[in-house]
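In my numbering, the protein residues as written are 706 to 881.
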């Protein structure tokens, strides 16, 4: 069997698996027909990320479906919101990414990862800032995903300094 044919068969197998997963998700979501959909319980049932479930719910029921969540994370903030992040944490994570790829500075890292120049200057600026890095939520999210750093890690390491995330939306202080 030729190399092209083998790659084509692998692609078709991947497509079959993907459509099968989507069909299972849709069936599970359709069987859950309350007026309000709780994302955490669905995420546990389906073993899928919450963002993927949001998209599927919007496709099935429309964008105005009420979705409830118990926890509010930093990446759910508006893209323009400025977060104050612990600089030492960001510096070590960027240095680890540079070591992993085998480069010496953020510019080389960006070139190897095909990152636009704008993001390169942002990373360089972050490396110069001490003790706190001020970053917009959207930019921080994009750069962390490019560096393959899980977004939850900032919450776990308490690297966000201006607020304590995740925020429990069902706590008595917020409900009042």
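Cβ coordinates follow ideal geometry from the N, Cα and C atoms, glycine included.
Secondary structure of residue 777 (DSSP, three-state): strand. Taken atom to atom, the span from the alpha-carbon of residue 806 to that of residue 713 is near 30 Å. Boundaries of the alpha helix (DSSP H) harbouring residue 802: 792 to 806, taken from the DSSP string. Between residue 791 and residue 837, the beta carbon gap of about 7 Å places them in contact (Cβ cut-off 8 Å). Assigned with DSSP and collapsed to three states, residue 829 falls in helix. A distance below 7 Å between beta-carbons, with the five flanking residues on each side excluded, links residue 832 to the following residues of its chain, in chain order: 796, 799 and 811. With contacts defined by Cβ atoms closer than 7 Å, residue 802 and residue 852 form a contacting pair.
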